[in-house]
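Each residue of the sequence shown is one higher than the last, beginning at -6 in the numbering used here. Here is the structure we will look at.
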Amino acid sequence: MQSRLHAHDAAHQPCPASPAHLAPGRHPAERTGVPASHPERRRHSSKQDRCETGRVRVALVAPGFPTSLDDHHKPFLLDHARALAGAGAEVTVVCPAHPDAPRRHVVGGIEVHRVRFAPRRIEARVALGESYRVFSGLSALWVVPMIAQLALAASRHARRRSGEGTVIHGHWWFPCGLVAVAAAALAGRRTASVVHIHGSDAAVTTNAIHRWLARRVLRRASAVVTVSEDLQDWASLLVRRSRGPHPPPSAEPIGRTGGPLLAVASMPVGADRLGTPTPAPADGPVIGIGRLMAEKGFDVLIEAVALMPPAAQPELVIVGDGPDLTLLEALALRRGVSAEFAGAVPPNEIGEWYGRARLVCVPSRREGFGMITAEALAAGRPVVATAVGAAPHFITEGANGFLAPPDSADALAAVLTKALQTELAASASTTAVTLAPFGAEAHAAALMEIYGQIVQP
């Protein structure tokens, strides 16, 4: 199966096209593009070499970023930034202000510039990952100064060294993909823009106005990167959409001449935080990890445990915090489920919780990728997950876990019962092969290839 990385205009890409990486569920051999020995590759080799000799400057724009190594909020973005820095990129993060962080500071070796745009109470809610809740009703007006201030800050960063090419890489098409495209336009022709789609941003693109804006943002980006192939299909169809018939996702060209390059690159799995895999304790709890919000499906997990025979009900531990904590605690009490709500834990302690688990349950209603599933397998834990995101690619049913349909407590109860009665093992060697394309080095290599194709030499 060929990897889908589309080039729309040779003039738009100063470096030769190369294969996208990190497409879930596919053996590395299936992602191989044109061999290095092929005449087409040799013809462009000197041009590619010129792209790789200079240091790429990257401004990562995101709606939030960890304030320290111990911050549990979006730690994968810090892993992402550090992976790029480790590959030789000069990385600066531009994000909204945080009430507990200075305007400029360094986190894990990454320079972070936090931008003021609103009263502290609004900025605090955005910093806690509640952008889609904050920007509703009249409060939606605050998105305008946020986008404007972030775009100005990112464009200033790009212009700081006008003789060098810069990539402005925006996470989630709204708001930061829009920021990246606007900032690149302000900064000038030597600045490229990348829009990285994670899934939640696609899920909220529900009406004609949202789709119109998303289409304009994606079409004006230098590259559109998604964390899964399903999301790449979504982006591809959105970029193509016109008054005429829609060609299949694998067709070329996409959209207008000079449109974006499309690629797949998930966030890196932070396996270094998980420690050495150990055998799962036979008497350990079922553990769920994630932000306590509706899309993560912890209410379905509680209902599923309640539906299991009393003698078969496992000890349940839910690790994380979020807006639905009170609702979930009340649901567990009402349904008679013994559940421990452990709260949020620092990223460097999450491995201890995986180590306690008999198995890990990921009951999400939707996922762009499914980082908890990948981490649990990397920690040597079997997984029961809903069949969303990359979970179907990671899980071999009956070997390292089981799959259940999303948003069905009855189905999840049956699958949990079966899993607890089955001897499952997430083999360390098999897991290493499965997750190798999702490590920091592979992640950075994929993005550096993409940057090399879109940055003006």
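Backbone N, C-alpha and C define an ideal beta-carbon position, used for all residues, glycine too.
Below 6 Å CB to CB, which residues in the same chain sit around residue i once its five sequence neighbours on both sides are set aside?
| i | result |
| --- | --- |
| LEU62 | GLY101 |
| VAL217 | VAL188, LEU211, ALA228, PRO253 and LEU255 |
| ARG19 | Any reading at ARG19 needs caution, since the residue's pLDDT is 37, under 50, leaving its predicted position unreliable; the model's value is listed next. Cβ neighbours of ARG19 beyond the five flanking positions: none. |
| GLY478 | Residue 478 lies beyond the stretch modelled for the chain, which goes from -6 to 450, so this question has no answer here. |
| TYR444 | VAL49 and VAL160 |
| GLU434 | none |
| SER186 | ILE161, ALA173, VAL174, ALA177, ALA214 and SER215 |
| GLY363 | GLY382, ALA383 and ALA384 |
| ALA82 | VAL49 and VAL51 |
| ARG349 | GLY277 |
| TRP135 | ALA111 and ILE115 |
| GLN142 | VAL108 and PHE110 |
| HIS436 | ALA76 and PRO261 |
Looking only at its own chain, which residues have a Cβ that is under 8 Å from the Cβ of residue i, when we skip the five neighbours before and after it?
| i | result |
| --- | --- |
| ALA78 | VAL84, GLY102 and ILE103 |
| ILE140 | PRO168, LEU171, VAL172 and ALA175 |
| HIS31 | Unreliable positioning characterises HIS31 in this predicted model, as indicated by a pLDDT of 39, which lies under 50. The coordinate reading is nonetheless provided below. Excluding sequence neighbours, HIS31 sits near nothing in its chain. |
| ILE190 | TRP165, TRP166, GLY170, VAL217, VAL218, THR219, VAL220, LEU224, TRP227, ALA228 and GLY361 |
| PRO138 | PHE110 and ALA111 |
| GLU333 | PRO278, GLU308, LEU309, VAL310 and ILE311 |
Assuming contact is defined by CB atoms lying nearer than 7 Å, are residue i and residue j in contact in what I supplied?
| i | j | result |
| --- | --- | --- |
| VAL376 | ALA335 | no |
| VAL174 | VAL54 | no |
| ALA384 | ALA378 | yes |
| ARG50 | THR159 | yes |
| MET441 | ALA80 | yes |
| PHE387 | THR415 | no |
| ARG107 | ALA94 | yes |
| GLY344 | GLY313 | no |
| ALA111 | HIS91 | no |
| SER148 | ALA180 | yes |
| ALA151 | ALA297 | no |
| CYS354 | VAL279 | yes |
By alpha-carbon positions, which one of the options ends up nearest to residue i?
| i | options | result |
| --- | --- | --- |
| TRP166 | ALA207, ASP72, ALA275 and PHE291 | ALA207 |
| ALA404 | PRO316, ILE388, THR319 and ALA299 | ALA299 |
| PHE58 | VAL87, ALA178 and VAL49 | VAL87 |
| ILE447 | GLY394, PRO399 and ALA214 | ALA214 |
| GLY268 | ALA74, VAL49 and ALA369 | ALA369 |
| SER331 | ILE365, LEU294 and VAL355 | LEU294 |
| ALA438 | VAL338, PRO261 and PRO302 | PRO261 |
| ALA273 | LEU145, MET364, GLY373 and ALA287 | GLY373 |
| ALA412 | THR271, GLN306, ALA146 and LEU179 | GLN306 |
| ALA304 | ALA275, ALA76 and THR410 | THR410 |
| THR319 | THR389, ASP265, PHE291 and VAL137 | PHE291 |
| GLY163 | LYS289, TRP346, ALA275 and PRO89 | PRO89 |
Quick one: does residue i have its CB under 7 Å from some CB of chain B?
| i | result |
| --- | --- |
| VAL105 | This model lacks chain B altogether; it includes just one protein chain. |
Kindly list the residues whose CB is nearer than 7 Å to the CB of residue i, restricted to its own chain and excluding five residues on each side of it in sequence; keep chain order.
| i | result |
| --- | --- |
| ARG204 | THR198 and LEU231 |
| PRO458 | Outside the displayed span of the chain (-6 to 450) sits residue 458, for which this structure offers no information. |
| ALA74 | LEU53, VAL84, VAL86 and ILE103 |
| GLY315 | ARG284, LEU285 and MET286 |
| ARG113 | PRO92 |
| HIS65 | ALA337, VAL338, PRO339 and PRO340 |
| GLU390 | LEU396 |
Practice task
Could I get the ranges of all uninterrupted beta strand (DSSP E) runs contained in the segment 98 to 186, with 3 residues as the minimum, in chain order?
Solution key: Segments of the beta strand (DSSP E) lying fully in the segment 98 to 186: 103 to 108 and 159 to 164.
Exercise for the section: Take every Cβ of the segment 192 to 201, pair it with every Cβ of the segment 352 to 362, and state whether three or more of those distances are shorter than 8 Å. Expected result: The segment 192 to 201 is in contact with the segment 352 to 362.
Exercise for the section: List in chain order: all unbroken beta strand (DSSP E) runs of 3+ residues lying wholly within the segment 280 to 342. Expected result: The qualifying runs are 309 to 312 and 332 to 336.
Practice task
Kindly confirm or deny that the segment 317 to 325 and the segment 430 to 440 touch, where touching means at least three C-beta pairs closer than 8 Å.
Solution key: Taking 8 Å as the limit for Cβ pairs, the verdict is that the segment 430 to 440 does not touch the segment 317 to 325.
Problem - Length at least 3, wholly inside the segment 391 to 416: the beta strand (DSSP E) runs in chain order - result: Within the segment 391 to 416, the complete beta strand (DSSP E) runs of at least 3 residues are 394 to 397.
Problem - Minimum length 3: unbroken beta strand (DSSP E) runs contained in the segment 367 to 392 - result: Taken in chain order, the whole beta strand (DSSP E) runs of length 3 or more contained in the segment 367 to 392 are 376 to 379.
Problem - Runs of beta strand (DSSP E) wholly within the segment 187 to 225 (minimum 3 residues, chain order) - result: Fully contained in the segment 187 to 225 are the following beta strand (DSSP E) runs of length 3 or more, in chain order: 216 to 219.
Practice task
List in chain order: all unbroken alpha helix (DSSP H) runs of 4+ residues lying wholly within the segment 45 to 85.
Solution key: Runs found: 68 to 79.
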